[in-house]
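Scroll down for the structure; my scribbles are underneath it.
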């Protein structure tokens with residue numbers, strides 16, 4: 015599911031309006047409404063607005079909304095300078111790792127932009143390794159470079175202080191804080207989130223809520239979270255905590271919260287919610303051998319081919335367990351082995367899993383199988399059309415999209431613009447425009463359309479833009495926009511944010527400076543048409559350039575000079591900007607298209623007085639966040 019510019023603008027504004035101190039959620043909504051941003055939620059019902067906004071903002075890792083939407087904080091800022099402790103065990107030393115649950119369960123939360131934790135003083139990276147398990151269902155361990163725990167022995171209390179993406183690891187002293195605020199909030203949060211019932215909750219929910227509600231928590235070294243939980247009367251079992259003096263169920267609170275968020279994200283109507291609940295219950299039962307589940311494939315398959323239910327279920331599994339987890343793949347394979355709607359649903363979910371791990375070629379085959387099993391399965395047909403388009407099969411993609419018969423199909427409209435003019439509006443029995451003398455139906459009707467290099471370039475940029483705004487890249491896009499708007503006055507932020515999206519600048523920075531283009535090439539290398547594959551392989555190797563227009567030629571041709579190197583170039587500019595003039599400075603990417611240079615993506619016009627600053631930025635080999643931060647200087651009050 016893709017976000018709209020209006021939804022992304024809400025997230026961008028919230029990131030600027032919030033900080034490490036708790037802000038009442040209602041106050042935030044009033045501020046967003048005052049900027050006219052909540053209109054994109056298309057609801058006047060206050061309760062619906064709270065639900066929609068809460069679900070939407072939950073997608074920003076930098077934000078944390080406490081239970082019952084009490085308050086919201088910039089959790090990435092709140093986690094800065096926090097101190098968590100852990101008592102070293104023999105198992106830790108044998109694995110050269112620190113167990114995550116429960117003491118370090120939020121240490122890596124809200125890093126943003128794909129960043130990784132690093133040891134202080136440049137000693138190396140810290141990674142969460144999910145394969146290092148201590149118990150059944152454990153969430154992994156914190157693993158560092160060789161020898162990083164050599165100075166410690168069993169029983170040592172270590173403290174880990176997070177500063178940005180850096181972690182200082184040291185032996186804790188004897189002057190520990192008493193942990194009173196942490197104890198109070200852990201106890202209060204468990205009672206609040208469990209509603210007084212003896213249930214199992216993930217400790218991260220308790221810790222993040224406590225951090226959000228009380229700025230004093232975990233600002234000084236105190237006892238490990240495991241020991242604090244024990245003093246609260248809570249015991250750890252696997253990855254959940256529950257009361258030590260009562261029997262409690264293994265209700266996965268994180269799973270239930272995620273399911274509710276996905277229902278909101280996909281905007282399920284009542285019928286879709288019922289189907290999703292049924293499919294989710296079947297998957298969770300299938301995932302728990304203790305329940306000895308019997309999978310009713312026909313019933314579950316019928317639920318999964320309803321709307322976007324299959325997509326939501328795969329998103330649930332990936333968000334909860336990670337892309338490398340095989341549970342959803344095994345579930346899908348069992349469904350695919352049965353006839354009827356379950357075969358279509360299983361094949362489609364298999365395609366989604368394969369695509370998520372980068373096997374686009376196998377995913378395309380699975381999509382074919384899904385559509386063959388059920389040609390009325392709208393979500394599968396839609397993705398099948400996209401897969402055909404990625405392979406360059408224009409005519410087939412158009413036919414498949416036409417079968418969807420959507421009222422407003424922007425994708426179909428775009429594909430039709432790519433079709434050569436001589437292929438449009440020709441009757442089957444009319445003479446073929448190729449000049450063969452045969453009827454069109456007996457000649458070129460079923461031959462693939464031959465596109466120009468320029469048309470392939472437009473198509474490739476269109477595919478890349480769709481890829482940028484896919485669900486998996488949401489955090490990167492939000493981070494880029496937040497960086498670009500960091501100095502913009504409040505009353506101009508929405509206007510600038512919308513311009514960044516609509517102009518294509520955000521997509522360009524993400525593709526060429528944020529690594530999206532290289533990732534797309536890596537995952538699509540087997541299915542892209544050769545001409546597009548070769549184009550993109552060239553484009554992603556070329557740096558951001560500052561070009562000065564030296565002469566306007568005919569049509570789209572411009573003579574330019576690279577400001578950094580002085581190299582003279584002829585480039586083609588197919589943008590809608592007709593005002594290119596001699597002396598203009600363009601911050602852009604260029605690439606080869608049919609043996610000629612074209613501006614690929616969106617060019618930013620740079621004012622002459624910003625020339626030196628732009629050149630300095632280009633010289634530093636900037637990434638997408640660097641470019642966005644430089645853009646922010648253009649809008650400084």
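Numbering (this note's numbering), first residue to last: 15 to 651. Note that CB positions come from ideal geometry on N, CA and C, so glycine has one too.
Local conformation of residue i per DSSP, three classes
i, result
"residue 420", "coil"
"residue 602", "strand"
"residue 315", "helix"
"residue 274", "helix"
"residue 470", "helix"
"residue 150", "Residue placement at residue 150 is flagged as unreliable, the pLDDT there being 46, under the threshold of 50; a coordinate-derived value is accordingly withheld."
"residue 7", "Outside the shown range of the chain (15 to 651) lies residue 7, about which nothing can therefore be said."
"residue 632", "helix"
"residue 391", "coil"
"residue 182", "strand"
"residue 336", "coil"
"residue 15", "The predicted model places residue 15 with a pLDDT of 48, which falls under 50 and marks its position as unreliable, so this point remains unresolved."
"residue 246", "coil"
"residue 38", "strand"
"residue 127", "Any reading at residue 127 needs caution, since the residue's pLDDT is 49, under 50, leaving its predicted position unreliable; the model's value is listed next. Of the three classes helix, strand and coil, the one that applies to residue 127 here is coil, per DSSP."
"residue 225", "helix"
"residue 640", "helix"
"residue 138", "strand"
"residue 251", "strand"
"residue 85", "strand"
"residue 101", "strand"
"residue 162", "coil"
Burial state of residue i (16 or more Cβ within 10 Å)
i, result
"residue 444", "exposed"
"residue 41", "exposed"
"residue 121", "buried"
"residue 434", "exposed"
"residue 390", "exposed"
"residue 619", "exposed"
"residue 306", "For residue 306, the predicted structure reports a pLDDT of 49, less than 50, and the residue's modelled location is therefore unreliable. A value from the coordinates is still provided. By the neighbour-count rule (16 or more Cβ atoms within 10 Å), residue 306 is not buried but exposed."
"residue 116", "buried"
"residue 151", "Confidence is the limiting factor: at residue 151 the pLDDT is only 48, short of 50, which leaves the residue's position unreliable and the question unanswerable from this model."
"residue 80", "buried"
"residue 44", "exposed"
"residue 38", "exposed"
"residue 501", "exposed"
"residue 337", "exposed"
"residue 285", "exposed"
Whether residue i touches residue j by CB criterion (8 Å)
i, j, result
"residue 293", "residue 317", "yes"
"residue 102", "residue 180", "no"
"residue 185", "residue 95", "no"
"residue 92", "residue 226", "yes"
"residue 491", "residue 520", "yes"
"residue 19", "residue 496", "no"
"residue 57", "residue 63", "yes"
"residue 432", "residue 473", "yes"
"residue 418", "residue 397", "no"
"residue 350", "residue 360", "yes"
"residue 615", "residue 468", "no"
"residue 280", "residue 346", "no"
"residue 74", "residue 51", "no"
Extent of the continuous alpha helix (DSSP H) to which residue i belongs
i, result
"residue 65", "60 to 71"
"residue 91", "89 to 92"
"residue 493", "488 to 498"
"residue 371", "No alpha helix (DSSP H) holds residue 371; DSSP gives it neither H nor E."
"residue 348", "341 to 350"
"residue 531", "530 to 538"
"residue 292", "284 to 300"
Minimum Cβ-Cβ distance from residue i to chain B less than 8 Å
i, result
"residue 637", "As a matter of chain content, chain B is missing from the structure shown, which is built from one protein chain."
Delimiting residues of the beta strand (DSSP E) encompassing residue i
i, result
"residue 78", "77 to 79"
"residue 13", "No answer is possible for residue 13: the residues shown for the chain start at 15 and end at 651."
"residue 173", "171 to 177"
"residue 120", "Here residue 120 belongs to no beta strand (DSSP E), and DSSP marks it neither H nor E."
"residue 9", "Residue 9 is absent from the model: the chain starts at 15 and stops at 651."
Per DSSP, the bridge partner or partners of residue i
i, result
"residue 507", "According to DSSP, residue 507 bridges with nothing at all."
"residue 445", "453"
"residue 573", "565 and 584"
"residue 155", "113 and 143"
"residue 613", "604"
"residue 96", "176"
"residue 133", "138 and 181"
"residue 619", "600"
"residue 215", "255"
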